[in-house]
Structure formats: structure tokens, C-alpha cells
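When you read off a place in the sequence shown, starting at 1, and then add 95, the result is the number in the numbering used here. Just so you know, even glycine gets a beta-carbon here, dropped at the ideal spot from N, CA and C. Keep in mind it's a predicted model, so treat the numbers as computed, not measured. First up is the structure itself, then whatever we jot down about it.
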Amino acid sequence: MKAWLAVVPAVFAVMNIAGFALMGADKRRAKRGEFRVPEAVLFAVAFFFGGVGCTAGMFVFRHKTRHPSFRILLPLFALISVAAAAAAEYFVWTAVCA
Numbered sequence: 096m097k098a099w100l101a102v103v104p105a106v107f108a109v110m111n112i113a114g115f116a117l118m119g120a121d122k123r124r125a126k127r128g129e130f131r132v133p134e135a136v137l138f139a140v141a142f143f144f145g146g147v148g149c150t151a152g153m154f155v156f157r158h159k160t161r162h163p164s165f166r167i168l169l170p171l172f173a174l175i176s177v178a179a180a181a182a183a184e185y186f187v188w189t190a191v192c193a
């Protein structure tokens with residue numbers, strides 16, 4: 096039953112890796128003039144537990160840093176996703192270990 100304790104961190108890690116990779120892929124596609132990753136997809140990944148990865152990708156790849164919506168929303172989504180993941184892990188911990 097304690098295997099459930101790994102679900103929240105695993106989802107958090109996968110979504111943040113995906114967010115980081117999407118920011119890098121979109122930057123590469125922008126440089127090459129190829130079809131881009133839609134902004135709605137970037138925001139959706141950031142909102143659903145990928146905010147830390149998207150924010151890190153934004154600064155590492157220097158991508159979307161001039162867009163106020165990205166500069167404001169991605170760090171906000173990062174804070175919300177960390178808080179939500181911590182709360183979810185707490186509730187899973189109390190349900191499994193109680």
C-alpha cells in the first residue's frame with residue numbers, strides 16, 4: 096500500500112521533465128522556423144504539475160522571457176504546483192500510513 100506514496104512525486108517529476116523538454120523543443124523549433132508548440136500546451140503542462148520545469152526551461156533556454164504572460168504565469172503555476180504536490184503527498188501519506 097505504501098507504493099502510493101511514490102505516485103505524487105513520480106507525476107510531479109514526469110510533468111516537470113516534460114515541461115522543461117517542451118520549452119527546449121519550442122525554442123529549437125522557433126530557431127529553425129518550424130511548426131511551434133502551441134502556447135496553450137505550454138500553459139497546460141505548467142498548470143498540471145509542470146510549472147517548475149517550464150519555468151526552469153524558460154530561463155535555461157531563454158525562451159518566452161519577454162512575454163509578460165509567461166513571466167508571470169509560469170512562476171505562479173510553479174508555486175501552485177509545488178503547493179498542490181506537497182498537499183497531495185501529505186494527504187496520501189496520512190491516508191496510507193494512518
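| query | result |
| --- | --- |
| Buried or exposed for L137, please, with buried defined as at least 16 other CB atoms from any protein chain shown within 10 angstroms of its CB. | buried |
| Evaluate G128 with the Cβ neighbour count: other Cβ atoms within 10 Å of its Cβ, from every protein chain shown; 16 or more gives buried, anything less gives exposed. | exposed |
| Measure the C-alpha to C-alpha separation of G145 and P104 and round it to an integer number of angstroms. | 12 Å |
| Would you call the CB atoms of V140 and L117 closer than 8 Å? | yes |
| Between the Cα of I175 and those of P163, T150, A193, spot the shortest distance and give me the residue it belongs to. | T150 |
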